[in-house]
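To start, the structure under review is shown below, and the notes come after it.
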C-alpha cells in the first residue's frame, strides 16, 4: 500500500513538472516572455525535479538488497 502511495506521489510530481514546462513553452512561443515569471516557473520545475529525485531515492532505499534476502 505504501509503495502504491509513493508511485501516486511521483506521478503527481511528474504532472506538476509537465504543467510547468508547458507554461514555459507556451509563454515562449507566444512571445509573452516575462523573465520574472519564467524564473518563478523554472524554480517550480527545480522543486518538482527535486521531489521526483527524492521519491526515486526513497524507492531505492525501500527495495531489499541481497543481504536482506539471505536467511
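Residue numbers (the working numbering): 505 to 575.
The beta carbon of each residue, even a glycine, is placed where N, CA and C say it ideally should be.
Since we're looking at a predicted model, the values are computed, not measured.
- For the 8 Å CB-CB criterion, residue 529 and residue 549 do not form a contact.
- The alpha-carbon of residue 508 is positioned some 28 Å away from that of residue 547.
- The three-state secondary structure of residue 536, taken from DSSP, is coil.
- The Cβ atoms of residue 543 and residue 531 do not sit closer than 8 Å to each other.
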